[in-house]
């Protein structure tokens, strides 16, 4: 992504968002909590209260291990409440290696927002990564590896969500 485009996109962030929060609100090049550009919204009719849109990840982007991202918007306001990306892996340990590499990369920008907890295992205390949380506790980013019980396939993923808008979107389905 060229620098001019980055500047233009950053200028669309809300003014009340601090520079630190702006980073976590803009992880995949799409602003959480802001309306999604009409250029990305399909012209197809949608009778549901929310919409899922798949977008490509720019190849020059730092998280280009993903081919695409899933953006969820509230249909009426077009505001983005969730962004996620996943990649499947079949080689043992590959997901854990990518998790460590991505966490190291993300920590360079977001370490000040990193949340951890501890668990006791026997006589050892083990730190657990709980994600990144904006200072206003509104935006949450999770980084994870998962595997379905009987499957050899592991899934690495990153998700970012606006907690308030996600709650609003859930209520629209009730």
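Residue numbers (this note's numbering): 17 to 190.
Ideal Cβ placement from N, Cα and C applies to all residues, glycine included.
- Distance between residue 60 and residue 139, taken at the CA atoms: about 58 Å.
- The secondary-structure analysis by DSSP pairs residue 162 across a beta bridge with 171.
- Within the stretch 41 to 86, the runs of beta strand (DSSP E) that reach at least 3 residues and sit entirely inside it are, in chain order, 66 to 72.
- For residue 100, the enclosing beta strand (DSSP E) has its first and last residue at 96 to 105.
- At a Cβ-Cβ threshold of 8 Å, residue 123 and residue 133 do not count as neighbours.
- Residue 134 sits in a strand when the DSSP states are folded into three classes.
- When DSSP states are grouped into helix, strand and coil, residue 190 belongs to the coil group.
- Taking each of 129, 101, 88 and 130 in turn and checking the Cα distance to residue 80, the smallest one comes out for 101.
- The secondary-structure analysis by DSSP pairs residue 149 across a beta bridge with 156.
- Just so you know, the alpha carbons of residue 130 and residue 188 end up roughly 31 Å apart.
- The C-alpha of residue 142 is placed about 35 Å away from the C-alpha of residue 96.
- If you draw a straight line from the Cα of residue 152 to the Cα of residue 114, it comes to about 29 Å.
- The stretch 46 to 61 and the stretch 84 to 91 touch, with three or more beta-carbon pairs separated by less than 8 Å.
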